[in-house]
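The sequence shown finishes on residue 264 if you use the numbering used here, and the numbering steps up by one all the way, no holes.
Beta carbons are placed, not taken as given, at the ideal position from N, Cα and C, and that holds for glycine.
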Amino acid sequence: METVILVHGLWVNGTDMTVLRRRLVQAGYDAHQFSYPSVREPPAANAMALQTFVRELDAERVHFVGHSLGGVVLRHLFHDYPEQRPGRVVTLGTPHRPSTAAVKLARWLPGRFALGESVRQGLLGGLPPWPADRDLGSIAGTLRMGLGMVIPDIPSPNDGTVALIETHIPALKDHITLPVSHFGLLLSRRVFHEVDHFLKHGRFRNSSARTGPHVPPEHRR
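Structural data, given as structure tokens:
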């Protein structure tokens, strides 16, 4: 049985990933939820706690699935603690580049307070590089529901919180877009099937690895 560790995003504790975790268990994985203080501690410190969590697991192969900020924590984990056991990584709606929504929130005091330490080498950028020898797949949503309804100018397409272009970096093994919202990435059965497929094969079912994600020219950077 292969192990999967789920890493949640900002302002939550992991209960939001319950549906996805149960589906992974039903598919035969030994799935664990890692919970961390997303606002009180920066991603690098949470990656240190995650490393302790991983070290205590009795497993030969360990996969990771990170939602939103959870993928940022995983960027730090694999940079700071590269000697991980074999396994693959999938991020769901993770801003691998500076988050437009976070940048705009950080411009006003209540927003900075709400983001807390998540911006330190995190949502505002400054992430460590991804190791070339570890398969990383990214799933992006394109249904605009969430912060994007109240925060203007998040580049389109987006999932309501994170722009499509923000979910892509050259180091990705594969990337796919699905018509779901940021939170919907955790509830969609189709997303689950894509996660399962990537963990097994290192690519998504409808792979875009050769062409990369479709991003309108005006939003490429």
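Asked                                                                                                    : Found
Exposure label - V133; buried when at least 16 CB within 10 Å                                            : buried
Same chain, Cβ closer than 8 Å to H236, five either side skipped, listed in chain order                  : R248
Cβ pair count under 8 Å reaching 3, the segment 83 to 98 against the segment 154 to 169                  : yes
Cβ neighbour criterion (16 or more within 10 Å) applied to V238                                          : buried
First through last residue of the alpha helix (DSSP H) which encompasses Q69                             : T61 to Q69
Whether P141 touches G168 by CB criterion (8 Å)                                                          : yes
Where R263 falls: helix, strand or coil (DSSP)                                                           : Unreliable placement is indicated for R263, whose pLDDT of 38 sits below 50; the coordinate value is still reported in the next sentence. Correct three-state label for R263: coil.
Nearest to I48 (by Cα), restricted to the options V55, L63 and W54                                       : L63
Where K216 falls, given that 16 or more other Cβ within 10 Å makes a residue buried                      : buried
Identity of the residues DSSP links to F77 by a beta bridge                                              : V50
Reduced DSSP secondary structure (H/G/I, E/B, other) of R253                                             : Its pLDDT being 38, under 50, R253 is placed unreliably by the model, and nothing is read from it.
Closest by C-alpha distance to F96, when choosing among D176, I194 and L117                              : L117
Segment contact flag, the segment 198 to 209 with the segment 134 to 153, C-beta cutoff 8 Å, min 3 pairs : yes
Residue from F121, M188, V50 and D178 whose Cα sits closest to the Cα of A74                             : V50
Exposure of W173, with buried meaning 16 or more beta-carbon neighbours within 10 Å                      : buried
Reduced DSSP category for N201 - H, G, I as helix; E, B as strand; rest coil                             : strand
Contacting residues, own chain, Cβ-Cβ under 6 Å from F156 (five flanking each side not counted)          : none
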